[in-house]
Amino acid sequence: MPSLKVPPETAVRLLTEKLEETEEMLRIRKVLEYYDFVGWCSRVWTLIDEIYGPDSSYPEEVRSMGVPRCTCSGSAEVQFMLLGEYYNRLSGYLDEIQQANEKQEEG
29 MPSLKVPPET
39 AVRLLTEKLE
49 ETEEMLRIRK
59 VLEYYDFVGW
69 CSRVWTLIDE
79 IYGPDSSYPE
89 EVRSMGVPRC
99 TCSGSAEVQF
109 MLLGEYYNRL
119 SGYLDEIQQA
129 NEKQEEG
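Residue numbers (the working numbering): 29 to 135.
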């Protein structure tokens, strides 16, 4: 696991909060305006920057997921697909931190 810039408990809390927000957006099928969605993505990128150290590829990995193209007839389905991808990626990061934390506590 890459090094963390914050304590594991803080990383877990921050990721859990973002996951809950994302889950709610998916549950109610909340569609954001294009630039609101770009802002949401940017906040996710900043969150990952705050959590992981410079040896991590995660900030670049999450940025590479990108945002949908701006179109007047932008598809809500594309936004939900990307939200699902972000949710899965953040869940993976959270699981990794929790597993590493459990191993440290055991050993």
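Ideal Cβ positions, reconstructed from N, Cα and C, are used throughout, including at glycine.
Remember, it's a predicted structure, so these values are computed and weren't measured experimentally.
Extent of the continuous alpha helix (DSSP H) run through residue i
| i | result |
| --- | --- |
| glutamate 52 | 36 to 55 |
| lysine 131 | 104 to 134 |
| proline 87 | 86 to 91 |
Reduced DSSP secondary structure (H/G/I, E/B, other) of residue i
| i | result |
| --- | --- |
| leucine 60 | coil |
Nearest residue (CA-CA) to residue i, options the options
| i | options | result |
| --- | --- | --- |
| asparagine 116 | Ser103, Leu43, Pro82 | Leu43 |
| glutamate 45 | Val72, Val34, Val59 | Val72 |
| valine 59 | Ser70, Ser103, Gln132 | Ser103 |
Residue i versus residue j: straight-line alpha-carbon distance, rounded
| i | j | result |
| --- | --- | --- |
| leucine 32 | methionine 93 | 21 Å |
| arginine 91 | glutamate 52 | 22 Å |
| alanine 128 | glycine 81 | 16 Å |
| glutamate 133 | proline 36 | 12 Å |
Rounded distance between the beta-carbons of residue j and residue i, thought under 8 Å
| i | j | result |
| --- | --- | --- |
| phenylalanine 65 | glutamine 126 | Not a contact, Cβ separation roughly 28 Å. |
| leucine 25 | glycine 112 | In this structure the chain extends from 29 to 135, so residue 25 is not present and cannot be described. |
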